[in-house]
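One structure is given below, encoded as structure tokens.
Number of protein chains: 2
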Amino acid sequence: MAKLNYEDQESWPFESGKRQSPMDLHFAQAKKMPSAADLQLAYSQVASYAKDTGRGIEVGSSGQAMINQRPFSLQQFHFHAPSEHLLDGQDFPAEVHFVHEAADGQLAVIAVFLTVGQTSPAITSILHQLGASEKFACDVEKLLPKDRSYFHYLGSLTTPPLTETVEWYVMTHPVELSALQLKEFHQLYEHNNRKIQAMNDRPLLYFQAKEPS
Amino acid sequence: MAKLNYEDQESWPFESGKRQSPMDLHFAQAKKMPSAADLQLAYSQVASYAKDTGRGIEVGSSGQAMINQRPFSLQQFHFHAPSEHLLDGQDFPAEVHFVHEAADGQLAVIAVFLTVGQTSPAITSILHQLGASEKFACDVEKLLPKDRSYFHYLGSLTTPPLTETVEWYVMTHPVELSALQLKEFHQLYEHNNRKIQAMNDRPLLYFQAKEPS
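What follows is the structure in structure tokens.
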């Protein structure tokens, strides 16, 4: 048995990069959890800014999320088009990421897929306000599906620094935006979705909502 | 505003290595949390093995931990001497790490400092059983302090691969082992403690137990 060399700690190997996001989420690979999905979201209906960060459109927002009874604070949300995650191998036209932080610095992102349909009033107000610096009304709740079933796994930020300490909660039910709104996203970014990353034997969990709508 | 280049994702910088363990934990730097410490530990009194892994003495164990109401399964516990974490700049003669995993793969380590005093019956049985492969009785509860106040921060494994997805819960109250038991640890390892790592602006939280003993 070789002993770990405590006299030369600088030479120890450091492993990272195996928990990257996004992922292709397959129902057949997921472990269905016995406890129900538990996302209690109380987001502000007033946004502090909407800007193009060079990575996509980001909206300054605040509010509280109780994720399985753990408190997180909403920092911002932003859009990717097409979607970053896939659902059973299929992408969606877009995906919104609600980025939260806990008191210990833990990051949690709630992801919602966007599909083409009705005009989203929230996205209308965001696109209208883009680049302006004053606060504006934004009905964030409309960017959340009624059925809050989700996949959960441990991954990373999907833009640099790609840090690997992110809990992902990817909702399986999409919300709608119009074809015109989607076109506006693509006028800013031909595409801003990171490629699918290897799962590397990470557990993928599925939590079903108690009362699907 | 420079746009992130989605056509050359392989060149994106990936940041890691800033959330390493162990740390020097200072009360003055910690944020005292309003909620009480909540560690509900139900560990098996039967251990499956005790072996020298080349990194220290490890004991196969099982049981459940509810850490702030989140379920984790105990995988093993092992010893470092001297302690890896420091408390207000001071080390302890030894430190035991209870390593847990959640359903999503999240790791949580509960650390307990050991100070020289009474003989620990649990450590006696572990040292007696070292290298044998049969199960043995081990009163693990005696390796846990009555007052379960703790520091909490996000860090890493303290041996390779040094992976940075570990929640740390470092109890502030030590338990005892005898000078002879400590000597037996040092006969196997002159020292097996990793050096203190940089805090890098990580939040350090302090949770006080409801009823200190």
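Heads up: the protein sequence lines correspond to chains E and A, in order. Residues 1 to 213 in UniProt numbering are what the first sequence lists, from first letter to last. Residues 1 to 213 in UniProt numbering are what the second sequence lists, from first letter to last. We treat Cβ as the ideally placed atom computed from N, Cα and C, and that holds for glycine. Treat the numbers as computed from the prediction; the structure is a model and nothing was measured.
Closer than 7 Å at the C-beta level to chain E, one finds these residues of the region 98-109 of chain A: Ala103, Asp104, Gly105 and Gln106. Contacts between arginine 55(A) and chain E, judged by CB atoms closer than 8 Å, involve Lys3 and Leu4 in chain order. If you ignore the 5 residues before and after lysine 31(A), its C-beta comes within less than 6 Å of the C-beta of Leu205, all in its own chain and listed in chain order.
Its chain contains Val99, His100 and Glu101 as the residues whose beta carbon lies nearer than 7 Å to that of glutamine 75(A), once the 5 sequence neighbours on both sides are disregarded; these appear in chain order. Rounded to the nearest whole angstrom, the C-alpha separation of glutamine 129(A) and phenylalanine 136(A) is 8 Å.
For proline 71(A), the number of other beta carbons within 10 angstroms of its own is below 16, and it is reported as exposed. Within 9 Å of the CB of aspartate 52(A), the CB atoms of chain E belong to Met1 and Lys3, in sequence order along the chain. According to DSSP, residue pairing for methionine 171(E) in a beta bridge involves Tyr150(E). In this structure the region 162-170 of chain E touches the region 109-117 of chain E; the number of beta carbon pairs closer than 8 Å is three or more. Taking threonine 163(E) as reference, the option from Met1(E), Glu190(E) and Gln20(E) with the minimal CA-CA separation is Gln20(E). Membership of serine 73(E) in any alpha helix (DSSP H) is not indicated; the residue belongs instead to the beta strand (DSSP E) covering 70-80. With fewer than 16 other Cβ atoms inside 10 Å of its own Cβ, methionine 1(E) counts as exposed. Proximity of phenylalanine 14(A) to chain E, defined by a Cβ-Cβ separation below 8 Å, is satisfied. Under the 10 Å beta carbon count, methionine 66(A) is surrounded by fewer than 16 other beta carbons and is classified as exposed.
The region 33-52 of chain E and the region 140-154 of chain E touch, with no fewer than 3 CB-CB distances between them shorter than 8 Å. Sixteen is the threshold: when 16 or more other Cβ atoms of the shown chains lie within 10 Å of the Cβ of serine 120(A), as they do, the residue is buried. By the criterion of a C-beta distance shorter than 7 Å, threonine 158(E) is surrounded in its chain by Ser21, Pro22, Glu84 and Arg194, once the five residues flanking it on both sides are discounted. Glycine 17(A) and lysine 142(A) have their C-alpha atoms some 35 Å from each other.
Taking 8 Å as the cut-off, the beta carbon of proline 160(A) is found no closer than this to the beta carbon of phenylalanine 92(A). Residue-level contact by beta carbon holds for glycine 17(A) and chain E, with a gap shorter than 8 Å. Sequence-distant partners of glutamate 58(E) (beyond 5 residues in either direction) whose C-beta falls short of 7 Å from its own C-beta, in its chain, are Lys51, Gln76 and His78.
Beta-bridge partners of leucine 107(E) (DSSP): Glu101(E) and Val166(E). Straight through space, the alpha carbons of phenylalanine 113(E) and glutamine 29(E) are spaced by roughly 20 Å. Per DSSP, the unbroken alpha helix (DSSP H) holding lysine 183(A) starts and ends at 179-188.
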